[in-house]
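In the UniProt record's numbering, the protein residues as written are 1 to 136.
Right under this line is the structure:
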């Protein structure tokens, strides 16, 4: 019997959507005001959902405290109050779109989970704009 356990988290970060190999005009055309050379920020909300079998001994799929600590270390400490373009290694050559941030977050959390556990991350860039990624 598989059950999903979810944990919410929050971080604030700045970014700029642009491609270094494009002209300013093309970046403006594709990314609009998100191409602001002075960056802009979001109050990101994250939901990390772990699915797996219930451990018969503990009754847990995953100890929520363990999930909380993974998210704190791998996401909140790494991204909170950072400029994603300048301060986060994973985005040195990767455009920090919501889609790419979700994939990076997924990879960072998934690497810390038991292989038998499935993961889905949902990242809210705004209350109305969000993306989900489950490794597929």
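The beta carbon of each residue, even a glycine, is placed where N, CA and C say it ideally should be.
The beta carbon of residue 62 lies closer than 6 Å to those of 5 and 50 in the same chain, with the five residues before and after it left out. When beta bridges are read from the DSSP output, residue 41 appears opposite 14.
Residue 35 is a Cβ neighbour of residue 18, given a cutoff of 8 Å. Collapsing the DSSP output to three states places residue 52 in a strand.
When DSSP reads this structure, residue 118 sits in a beta bridge with 51. Bridge pairing for residue 124: 45 and 130 [DSSP]. Taking all protein chains shown into account, residue 15 has 16 or more neighbouring C-beta atoms within 10 Å of its C-beta and is therefore buried. Taking 8 Å as the upper bound for CB-CB distance, residue 131 and residue 98 are in contact here, some 5 Å apart. Per DSSP, reduced to three states, the secondary structure at residue 73 is helical.
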